[in-house]
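Residue numbers (full-length UniProt numbering): 1 to 341.
We put the beta carbon where it would ideally sit given N, CA and C, even for glycine.
To start, the structure under review is shown below, and the notes come after it.
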């Protein structure tokens, strides 16, 4: 029989301190059980303890709140960029397990509403899956005050990590509360806080007073966000606007080369560096008809508008490449975008 973990409701709309207040044992009877069903597994390591593997079981349950509005590809991604759409996530306390070598590892469960399961697993919605992965990783980081390595994230072929998924209990009154969110606890406020946590190069234990799972070391986390979406029509030139003295200029420096790993399935590696230090500031689209990549700066508060149109070699067209065959990575410390085709 699967073990049971008792804790209070944790969703992505709470500030870190509020989230920690909810993660505590409960003694009353006003609780509902959540039986998580597995979707996929995220594997990585902690920045402060790279020898310790970290597993996140991404699961679903009908008892977890659904997003305020249903997923709509034509509107949701834009809403996410404007901090107006999110996926409520219930994150369990960490528990110890062992890896294949018998070494200790940490396991967490991140649970979303069951209505999203077919959405995030659909091939056409791979962008949403990448966003969900980032939000699950950040949820663990905020809850445990740790930093997770983005550049070693993998997706092992297992339903879930551990002998069984624990049945969780959440407070019934917490799940049913109908409070008006304040600016600090609103979805927009938390999403902005989440971005700040990703972009910060370290987290200060003394200031936030949260108990760390492992000792912190000074390091930079890599933010990951889906960057490619297919476009039906060619991208029109960016609209000219009056430059503001307070905004800087963005310069995209492009290098094309063969992948360094000889046996890789990818034939082309494109490296693009710029002044932008967050993947959230970039939008990458692929025009299949023109066989052209389009990279756009979204951070128009700090930088002037900038768009790059990059023609691709004919081999990309000949191989009938699609967006699902591309892989993109953003390395924050290098301020560099990697595209493998």
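From the options, residue whose alpha carbon lies closest to that of residue i
{"i": "residue 417", "options": "43, 81 and 67", "result": "One cannot answer for residue 417 here, as it falls past the ends of the chain, which runs 1 to 341."}
{"i": "residue 54", "options": "332, 317 and 153", "result": "153"}
{"i": "residue 167", "options": "294, 311 and 109", "result": "109"}
{"i": "residue 170", "options": "151, 93, 162 and 131", "result": "93"}
{"i": "residue 88", "options": "102, 151 and 131", "result": "131"}
{"i": "residue 147", "options": "81, 312 and 52", "result": "52"}
{"i": "residue 311", "options": "288, 78 and 118", "result": "288"}
{"i": "residue 98", "options": "78, 118, 162 and 80", "result": "162"}
{"i": "residue 332", "options": "151, 265 and 102", "result": "151"}
Close-in-space but distant-in-sequence residues of the same chain around residue i (CB under 6 Å, 5 per side omitted)
{"i": "residue 178", "result": "The pLDDT assigned to residue 178 is 38, lower than 50, so where the model puts this residue is not dependable; a value taken from the coordinates is nonetheless given after this. None."}
{"i": "residue 256", "result": "270"}
{"i": "residue 207", "result": "Low local confidence applies: a pLDDT of 41 at residue 207 is under 50, so the model's placement there is unreliable, with the coordinate-based value given in what follows. None."}
{"i": "residue 296", "result": "283 and 307"}
{"i": "residue 254", "result": "272"}
{"i": "residue 317", "result": "291"}
{"i": "residue 85", "result": "76 and 79"}
{"i": "residue 330", "result": "279 and 337"}
{"i": "residue 267", "result": "none"}
{"i": "residue 224", "result": "Summary for residue 224: the model assigns pLDDT 48, below 50, so the residue's position carries little reliability, and this model does not support an answer."}
{"i": "residue 300", "result": "none"}
{"i": "residue 157", "result": "none"}
Integer Cβ distance of residue i from residue j, believed to fall under 8 Å
{"i": "residue 349", "j": "residue 50", "result": "This structure gives no information on residue 349, because the portion of the chain shown stretches from 1 to 341."}
{"i": "residue 327", "j": "residue 273", "result": "Contact flag wrong, Cβ pair sits at about 18 Å."}
{"i": "residue 259", "j": "residue 160", "result": "With 8 Å as the limit, residue 259 and residue 160 do not qualify as a contact, their Cβ atoms being about 32 Å apart."}
{"i": "residue 248", "j": "residue 302", "result": "6 Å"}
{"i": "residue 126", "j": "residue 42", "result": "Actually they are not in contact, since the Cβ atoms of residue 126 and residue 42 sit about 15 Å apart, beyond 8 Å."}
{"i": "residue 281", "j": "residue 298", "result": "5 Å"}
{"i": "residue 149", "j": "residue 44", "result": "5 Å"}
{"i": "residue 275", "j": "residue 251", "result": "7 Å"}
{"i": "residue 129", "j": "residue 140", "result": "The Cβ separation is near 17 Å, so there is no contact."}
Beta-bridge pairing of residue i - partner residues as DSSP gives them
{"i": "residue 56", "result": "42 and 108"}
{"i": "residue 311", "result": "292"}
{"i": "residue 283", "result": "296"}
{"i": "residue 136", "result": "Bridge partners of residue 136: none, in fact."}
{"i": "residue 33", "result": "169"}
{"i": "residue 329", "result": "338"}
{"i": "residue 256", "result": "270"}
{"i": "residue 130", "result": "Answer is none; residue 130 lacks a bridge partner."}
{"i": "residue 248", "result": "303"}
{"i": "residue 113", "result": "61"}
{"i": "residue 98", "result": "104"}
{"i": "residue 76", "result": "Answer is none; residue 76 lacks a bridge partner."}
{"i": "residue 91", "result": "110"}
Cβ-based neighbour list, residue i, same chain, cut-off 8 Å, excluding 5 preceding and 5 following
{"i": "residue 38", "result": "57, 58, 59, 159, 160 and 165"}
{"i": "residue 102", "result": "none"}
Other residues of its chain near residue i: CB distance less than 7 Å, five sequence neighbours each side excluded
{"i": "residue 96", "result": "104 and 106"}
{"i": "residue 40", "result": "58 and 155"}
Chain B contact for residue i (CB, 8 Å cutoff)
{"i": "residue 71", "result": "Given the protein chain composition of this structure (a single chain), no chain B is represented."}
Between the segment 122-138 and the segment 29-38, can you find at least three pairs of beta-carbon atoms closer than 8 Å?
no
Would the segment 110-126 count as touching the segment 55-69 if we require 3 or more Cβ pairs under 8 Å?
yes
Could you say if the segment 41-50 and the segment 68-86 meet the contact criterion of at least three C-beta pairs nearer than 8 Å?
no
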